[in-house]
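So the protein sequences, as listed, match chains A and B.
Using numbering that gives the first Met the number 0, read the first sequence as starting at 0 and increasing by one per residue.
Using numbering that gives the first Met the number 0, read the second sequence as starting at 0 and increasing by one per residue.
By construction, the Cβ of each residue, glycine as well, lies at the ideal position given by its N, Cα and C atoms.
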Amino acid sequence: MLLSPYPTSGERIRVALLWLWCGLVILFLLVPILIPVPLSFNSGAFFIFPLEGLSTRWYEVVLGTQRWQSAIGNSLIVAFGTTLIATTLGTLTAIALSNEKFPGRRIVMPLLLSPLIVPVVITAVGSYLFYARVGLASTYAGIILAHTALASPFVVVTVGASLTGFDRNLMRAAAISGARPLTAFFRVMLPLILPGVLSGAAFAFVTSFDEVVVVQFLASAGQRTMPLEMFIGLREKLSPAITAAATLMMALSIVLLVVANLLARRGQGRRATSG
Amino acid sequence: MSALQPSELDRPALARGRSAAGADPGTASAALRRAEFGDRLRTLALAAPLLLLLALSFGIPIVLLLSRAVYDPTIADALPRTSQALAGWNGQGLPGDAAFTALAADLSDSQAKGTAYELAKALNARLPGARSQVLKTVRQLEGAGGKPPLDIMKSVPFWSAPGTWPTIASGTHAITSFYLLSALDLRWNADGGIERVPPEQAIFLQVFARTFFVAAAVTLATLLLGFPLAYLIASVPKGLAAILIVAVLLPFWTSILVRTAAWTVLLQKFGLVNDLLLWLGIADERLDLMYSRIGLIIAMTHIQLPFTLLPIYSVMRTIAPSQMKAAYSLGAKPFTAFRRVYLPQVFPGVMAGCLLTFILCLGYYITPALIGGASDQLISNFIANYVNVELNWEMAAALSFILLVFTLGLFGIFARILGLDRLKMV
Numbered sequence: 000m001l002l003s004p005y006p007t008s009g010e011r012i013r014v015a016l017l018w019l020w021c022g023l024v025i026l027f028l029l030v031p032i033l034i035p036v037p038l039s040f041n042s043g044a045f046f047i048f049p050l051e052g053l054s055t056r057w058y059e060v061v062l063g064t065q066r067w068q069s070a071i072g073n074s075l076i077v078a079f080g081t082t083l084i085a086t087t088l089g090t091l092t093a094i095a096l097s098n099e100k101f102p103g104r105r106i107v108m109p110l111l112l113s114p115l116i117v118p119v120v121i122t123a124v125g126s127y128l129f130y131a132r133v134g135l136a137s138t139y140a141g142i143i144l145a146h147t148a149l150a151s152p153f154v155v156v157t158v159g160a161s162l163t164g165f166d167r168n169l170m171r172a173a174a175i176s177g178a179r180p181l182t183a184f185f186r187v188m189l190p191l192i193l194p195g196v197l198s199g200a201a202f203a204f205v206t207s208f209d210e211v212v213v214v215q216f217l218a219s220a221g222q223r224t225m226p227l228e229m230f231i232g233l234r235e236k237l238s239p240a241i242t243a244a245a246t247l248m249m250a251l252s253i254v255l256l257v258v259a260n261l262l263a264r265r266g267q268g269r270r271a272t273s274g
Numbered sequence: 000m001s002a003l004q005p006s007e008l009d010r011p012a013l014a015r016g017r018s019a020a021g022a023d024p025g026t027a028s029a030a031l032r033r034a035e036f037g038d039r040l041r042t043l044a045l046a047a048p049l050l051l052l053l054a055l056s057f058g059i060p061i062v063l064l065l066s067r068a069v070y071d072p073t074i075a076d077a078l079p080r081t082s083q084a085l086a087g088w089n090g091q092g093l094p095g096d097a098a099f100t101a102l103a104a105d106l107s108d109s110q111a112k113g114t115a116y117e118l119a120k121a122l123n124a125r126l127p128g129a130r131s132q133v134l135k136t137v138r139q140l141e142g143a144g145g146k147p148p149l150d151i152m153k154s155v156p157f158w159s160a161p162g163t164w165p166t167i168a169s170g171t172h173a174i175t176s177f178y179l180l181s182a183l184d185l186r187w188n189a190d191g192g193i194e195r196v197p198p199e200q201a202i203f204l205q206v207f208a209r210t211f212f213v214a215a216a217v218t219l220a221t222l223l224l225g226f227p228l229a230y231l232i233a234s235v236p237k238g239l240a241a242i243l244i245v246a247v248l249l250p251f252w253t254s255i256l257v258r259t260a261a262w263t264v265l266l267q268k269f270g271l272v273n274d275l276l277l278w279l280g281i282a283d284e285r286l287d288l289m290y291s292r293i294g295l296i297i298a299m300t301h302i303q304l305p306f307t308l309l310p311i312y313s314v315m316r317t318i319a320p321s322q323m324k325a326a327y328s329l330g331a332k333p334f335t336a337f338r339r340v341y342l343p344q345v346f347p348g349v350m351a352g353c354l355l356t357f358i359l360c361l362g363y364y365i366t367p368a369l370i371g372g373a374s375d376q377l378i379s380n381f382i383a384n385y386v387n388v389e390l391n392w393e394m395a396a397a398l399s400f401i402l403l404v405f406t407l408g409l410f411g412i413f414a415r416i417l418g419l420d421r422l423k424m425v
């Protein structure tokens with residue numbers, strides 16, 4: 000399709016130029032995310048190639064010092080809390096929205112997605128203003144609540160996609176066989192949409208784990224998360240420990256999102272098998 | 000689906016429909032309607048927890064923030080007597096002595112209540128230089144030693160200067176357009192019209208223009224880099240396309256902060272980008288790419304490229320190769336076929352990708368904060384600064400209001416032309 004059936008030499012040149020251009024674009028895409036990886040194993044304190052030598056000293060700093068350890072702990076608390084709430088409530092909402100009788104889907108859907116569109120500074124500043132009044136600023140609950148708003152759209156969309164392949168007659172069959180709604184949900188619906196739910200959970204986890212702006216406004220000094228430590232570190236002093244932290248965060252995000260996408264694809268794939 | 004409509008009724012609804020029909024000899028359709036209504040309520044109840052939580056954690060905070068842009072009772076609360084004395088004033092010249100006396104009493108009160116500094120700050124926001132004058136007058140009133148308050152007020156030239164009293168009068172209304180106008184470098188003039196603020200006070204139009212410029216530059220750059228790559232991925236065999244798409248998705252899945260961190264490392268004076276430029280002979284000496292506009296645009300382009308590319312690719316994927324073959328067989332040259340057959344079909348994808356990137360760029364905060372210099376800060380950075388440094392919530396709210404109007408306006412266009420489902424990327 001790149002070349003016409005009887006390519007002229009000018010056309011061959013154009014296709015060669017296209018490949019060259021795209022090769023450069025791919026380098027532009029990949030080099031910046033790969034660069035921190037070797038630098039994080041540098042034994043020296045500078046960001047210069049060639050590396051002075053290999054060492055894991057910067058990983059020891061990130062995993063071994065109190066400042067970073069507490070940041071990792073805080074990140075995990077917030078991300079797990081967000082995942083739990085966003086996945087539970089997001090799944091319920093996706094099930095409700097997949098029902099044709101749901102009133103006002105056209106209004107609810109844009110409202111649900113709006114946290115993705117509203118600039119995050121506005122969300123963060125607004126949360127800070129409101130949460131300070133109701134005593135939620137500088138609490139884990141406050142950060143988790145704000146992160147849930149950012150993460151739940153991903154759950155609703157992914158679970159919603161896996162529900163488009165779900166045959167509601169199965170729920171009727173379960174009901175006719177005497178299963179109560181809750182039993183039918185756990186025994187029939189949940190196993191079938193589980194890939195979508197898990198994928199939504201992974202999206203929610205990563206959304207919270209990578210988020211820094213809301214945390215910047217809502218967290219007290221003792222509640223700094225890993226991204227916030229990185230942000231502060233980048234502003235104040237560029238230490239190679241940041242490349243180690245960045246590599247760790249990147250590895251976790253990519254692994255979780257690869258899993259999430261594979262699961263999401265599997266969840267949607269059921270549409271093909273169930274008709 | 001519509002053919003299956005009758006079986007859409009689930010068992011509980013049918014059961015209730017039956018029993019309702021049995022108890023009440025009304026028509027079956029009424030019972031059915033009641034059952035449907037119950038059904039609707041139940042689905043709504045499933046969605047209710049998340050909707051309530053979102054209202055609490057997202058909706059109320061934003062409404063509260065935006066309300067601060069138009070609601071500022073600080074001056075009105077601090078100057079109750081003055082507000083009353085100014086009620087009948089026509090705004091021309093100076094008000095009567097009663098207003099001066101009332102202001103003196105209010106100022107003394109605010110000092111006693113400890114709100115004088117708040118008041119001075121609020122007045123200063125509207126009338127630069129007012130802070131020191133208010134605090135000076137408050138001190139004089141405190142140490143008056145029997146001198147009548149009216150004389151003290153008259154002895155400070157600031158209180159008789161043109162502009163002072165109209166500002167005080169406008170501040171006595173808790174609902175105000177002052178901050179929203181300020182966010183657009185506008186203000187009310189003495190005649191009740193709207194005018195530009197003097198050039199030395201005008202900053203925000205410049206910030207908005209800068210934000211739009213950076214967003215447009217990044218959008219254009221992502222299109223130039225992304226369109227050919229999307230075209231290539233859509234044209235090569237499946238296996239190769241899968242490998243190429245991973246090259247797009249890996250950065251897409253990496254957080255903005257991590258990628259910004261990577262760019263701060265790369266853009267250093269002795270970083271890899273400068274090494275490369277020297278080696279290629281493009282630059283003769285090491286450039287200051289950190290804290291520069293060009294560094295900011297490069298980093299933002301890297302982060303936004305997948306957002307532009309993926310919608311374009313998803314449309315390109317659906318265009319059958321046979322269409323181009325048909326065009327060739329009808330005698331079209333490659334470029335003509337591309338322009339007349341391919342481009343018009345890809346256009347919605349290009350629009351979706353570019354609009355998405357442009358909208359997201361308007362709200363950028365992290366990357367300008369870390370990579371941009373002082374003159375590269377975008378509107379989000381100003382909002383954060385008004386909250387963190389200046390503690391001026393009203394101005395932060397007004398800027399948020401205008402940023403939100405632009406963002407939602409553009410998103411409305413996006414949703415109208417392209418539909419919301421394009422947001423489901425990959």
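Among the options, which has the Cα closest to the Cα of residue i?
{"i": "Met229 of chain A", "options": "B:Gln205, B:Val264, B:Ile167", "result": "B:Val264"}
{"i": "Ser74 of chain A", "options": "A:Ser252, A:Ile121, A:Pro180, A:Thr7", "result": "A:Ser252"}
{"i": "Met248 of chain A", "options": "A:Ser126, A:Val156, A:Ile32, A:Leu23", "result": "A:Ile32"}
{"i": "Leu398 of chain B", "options": "B:Val69, B:Thr114, B:Ala30", "result": "B:Val69"}
{"i": "Asn387 of chain B", "options": "A:Trp18, A:Trp20, A:Ile94, A:Val124", "result": "A:Val124"}
{"i": "Val133 of chain A", "options": "B:Thr163, B:Leu85, B:Thr114, B:Ile59", "result": "B:Ile59"}
{"i": "Asn260 of chain A", "options": "A:Gly159, A:Ser97, A:Thr7, A:Pro194", "result": "A:Pro194"}
{"i": "Tyr139 of chain A", "options": "A:Ala178, A:Phe101, A:Val213", "result": "A:Val213"}
{"i": "Thr356 of chain B", "options": "B:Gly371, B:Pro310, B:Asn391, B:Gly330", "result": "B:Pro310"}
{"i": "Val433 of chain B", "options": "B:Ala233, B:Ile365, B:Ile244, B:Ile302", "result": "In the structure as shown, chain B begins at 0 and stops at 425. Residue 433 of chain B is therefore absent and cannot be evaluated."}
{"i": "Thr253 of chain B", "options": "A:Ala160, A:Val205, A:Met188, A:Leu19", "result": "A:Val205"}
Since residue i meets chain A, which of its residues come closer than 8 Å, beta carbon to beta carbon?
{"i": "Val386 of chain B", "result": "Val124, Tyr127, Phe216"}
{"i": "Gly92 of chain B", "result": "Under the 8 Å cutoff, chain A gives no residues; its nearest Cβ is about 40 Å from Gly92 of chain B."}
{"i": "Thr263 of chain B", "result": "Leu233, Leu237"}
I want to see whether chain A comes within less than 8 Å of residue i, judged by CB atoms only; does it?
{"i": "Arg209 of chain B", "result": "no"}
{"i": "Ile61 of chain B", "result": "yes"}
{"i": "Glu35 of chain B", "result": "yes"}
{"i": "Ser379 of chain B", "result": "yes"}
{"i": "His301 of chain B", "result": "yes"}
{"i": "Asp375 of chain B", "result": "no"}
{"i": "Pro227 of chain B", "result": "yes"}
{"i": "Gly408 of chain B", "result": "no"}
{"i": "Arg258 of chain B", "result": "yes"}
How would you list, in chain order, the residues of chain A whose beta-carbon sits under 9 Å from the beta-carbon of residue i?
{"i": "Arg316 of chain B", "result": "Correct list: empty, because the minimum Cβ distance to chain A is about 12 Å."}
{"i": "Trp278 of chain B", "result": "The contacting residues do not exist; Trp278 of chain B stays about 12 Å from chain A at best."}
{"i": "Ser291 of chain B", "result": "Those do not exist, as Ser291 of chain B stays about 16 Å from chain A at its closest Cβ, beyond 9 Å."}
{"i": "Gly362 of chain B", "result": "Ile116, Val117, Pro118, Val119, Val120, Ile121"}
Could you tell me the alpha carbon to alpha carbon distance between residue i and residue j, rounded to whole angstroms?
{"i": "Phe45 of chain A", "j": "Leu53 of chain A", "result": "13 Å"}
{"i": "Ala215 of chain B", "j": "Thr157 of chain A", "result": "31 Å"}
{"i": "Gly170 of chain B", "j": "Trp158 of chain B", "result": "15 Å"}
{"i": "Ala54 of chain B", "j": "Ala319 of chain B", "result": "45 Å"}
{"i": "Val36 of chain A", "j": "Val62 of chain B", "result": "43 Å"}
{"i": "Gly21 of chain B", "j": "Leu128 of chain A", "result": "Residue confidence for Gly21 of chain B is low, a pLDDT of 46 falling below 50, so the modelled location carries little weight; the figure read from the coordinates is stated next. When rounded, the distance between both Cα atoms is 56 Å."}
{"i": "Val257 of chain B", "j": "Tyr58 of chain A", "result": "16 Å"}
{"i": "Ala203 of chain A", "j": "Leu255 of chain A", "result": "10 Å"}
{"i": "Ser379 of chain B", "j": "Arg130 of chain B", "result": "27 Å"}
{"i": "Ala47 of chain B", "j": "Ala201 of chain A", "result": "23 Å"}
{"i": "Met225 of chain A", "j": "His301 of chain B", "result": "23 Å"}
{"i": "Leu65 of chain B", "j": "Tyr178 of chain B", "result": "11 Å"}
So that I know if they touch, is there some Cβ in chain B lying closer than 8 Å to that of residue i?
{"i": "Met249 of chain A", "result": "yes"}
{"i": "Met229 of chain A", "result": "yes"}
{"i": "Pro245 of chain A", "result": "Here residue 245 of chain A turns out to be Ala, not Pro, going by the sequence shown. By this cut-off, Ala245 of chain A is an interface position."}
{"i": "Asn98 of chain A", "result": "yes"}
{"i": "Ser253 of chain A", "result": "For clarity, residue 253 of chain A is Ile in the given sequence; the question names Ser instead. Closer than 8 Å to some Cβ of chain B, the Cβ of Ile253 of chain A qualifies, so yes."}
Please list the partners that residue i has in chain B, where partner means a Cβ-to-Cβ separation under 7 Å.
{"i": "Lys236 of chain A", "result": "Those do not exist, as Lys236 of chain A stays about 12 Å from chain B at its closest Cβ, beyond 7 Å."}
{"i": "Ala145 of chain A", "result": "Ser56"}
Since residue i meets chain B, which of its residues come closer than 9 Å, beta carbon to beta carbon?
{"i": "Glu10 of chain A", "result": "Pro333"}
{"i": "Gly89 of chain A", "result": "Leu49"}
Between residue i and residue j, is the Cβ-Cβ spacing less than 8 Å?
{"i": "Gln68 of chain A", "j": "Gly164 of chain A", "result": "no"}
{"i": "His146 of chain A", "j": "Thr81 of chain A", "result": "yes"}
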